[in-house]
Amino acid sequence: MRVVIDRRRLARRARWSHAASLGGLLAILASAALTLFRPDLSTPGAMLLVGGFAVATVGIAQANRWVKRPRPEDILDGALKGLDDRHRLYHYLDGLPPHLLLTPSGVVVLETRAGEGVYEYRNGRWSQRMTLGKALRFFVEEPLGDPVQEAETRAALLARALSRRLRGATQVPTRAVVVFTHPATIVRADGPRVPVVQPKNLRRHAAATGRPLSAETYAFVRTLLDSKVRGTDASGVA
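Read in order, the letters of the sequence shown are residues 5 to 242 in the numbering used here.
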């Protein structure tokens with residue numbers, strides 16, 4: 005399997021998260037100094053404290069996504085290791101879903117969630133068990149949202165985009181898989197519209213299935229995806 009990642013975009017997001025974390029911390033320290041040495045400016049100091057806390061929280065949350073290892077692409081690379089070279093795994097392409105797997109029979113959108121905890125999907129709705137640890141991580145952990153709906157939406161948009169580029173000459177099968185990447189996460193999904201899996205079960209859901217694409221269509225999609233990468237780092241994963 006070939007892995008292609010836009011290192012430039014990844015590095016840019018990492019720098020932004022570091023800057024936000026540091027900037028927020030400096031704002032908090034400045035608010036403390038302002039309150040201590042200029043009590044008459046307590047109101048601006050309080051505003052600076054709130055703003056600094058908000059910026060630092062966003063920075064930490066982004067650092068958990070873009071800096072802290074293992075990142076989602078690390079987990080996906082390991083889970084799909086062993087697929088043949090006709091499978092190409094793309095990360096962080098410009099203007100496309102963060103994680104895509106090109107297979108001989110189509111494209112798979114890999115919608116990831118990195119949160120730790122117990123999650124349930126029932127009757128089309130998600131819920132998560134709230135513990136003290138979960139509450140403490142609430143502001144810095146990736147929100148759950150509705151990964152099934154988001155995966156379906158990303159896959160549908162990608163399918164339409166590919167159809168436009170191919171001028172309707174052929175349809176590229178596009179499907180989605182939701183992957184919870186944290187090793188301590190427990191997921192119970194009752195009748196989701198797309199597969200909801202953990203890394204150990206990803207390969208059998210994401211590998212090529214169905215009728216293969218023609219050689220021309222496969223080459224077109226591969227070239228299109230490759231063209232979206234800036235600062236490319238491509239590697240083979242056995």
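The beta-carbon is built from N, C-alpha and C at its ideal position, and this holds for glycine as well.
Predicted model only: the values in this text are computed from it and were never measured.
A buried status is given to D10, since no fewer than 16 other beta-carbon atoms sit within 10 Å of its beta-carbon.
Beta-bridge partners of G49 (DSSP): none assigned. Per DSSP, G119 is not a residue of any beta strand (DSSP E), being assigned neither H nor E. Under the three-state reduction of DSSP, G110 is assigned to strand. Judged by DSSP secondary structure, V152 falls within the alpha helix (DSSP H) whose first and last residues are 151-169. G110 is the residue among G110, Y125, L93 whose C-alpha sits nearest the C-alpha of A219. For the options L93, T61, G128, H22, the alpha carbon positioned closest to that of R207 is the one of L93. Nearest neighbour of V54 by Cα position, chosen from E115, I32, V7, A24, turns out to be I32. In the DSSP assignment, T213 falls outside any alpha helix (DSSP H) and carries neither an H nor an E. Its chain contains P101, V113 as the residues whose beta carbon lies nearer than 6 angstroms to that of R158, once the 5 sequence neighbours on both sides are disregarded; these appear in chain order. For the region 177-224, the continuous alpha helix (DSSP H) assignments of 4+ residues that do not extend past its boundaries occur at 203-210, in sequence order. A Cβ-Cβ contact shorter than 8 angstroms links P151 with V182. Around the Cβ of T47, a 10 Å sphere holds fewer than 16 other Cβ atoms; the residue is exposed.
In the DSSP assignment, the residues bridged to H103 are H95. Only residues of its own chain outside the window of five on either side were considered, and among them L106, V111, L166, V176, L217 have a CB closer than 8 angstroms to the CB of V225, listed in chain order. For the 8 angstroms CB-CB criterion, V122 and R129 do not form a contact. Counting only residues of its own chain and dropping the five nearest sequence neighbours on each side, D98 has a CB closer than 8 angstroms to the CB of D10, R13, K232, V233, R234.
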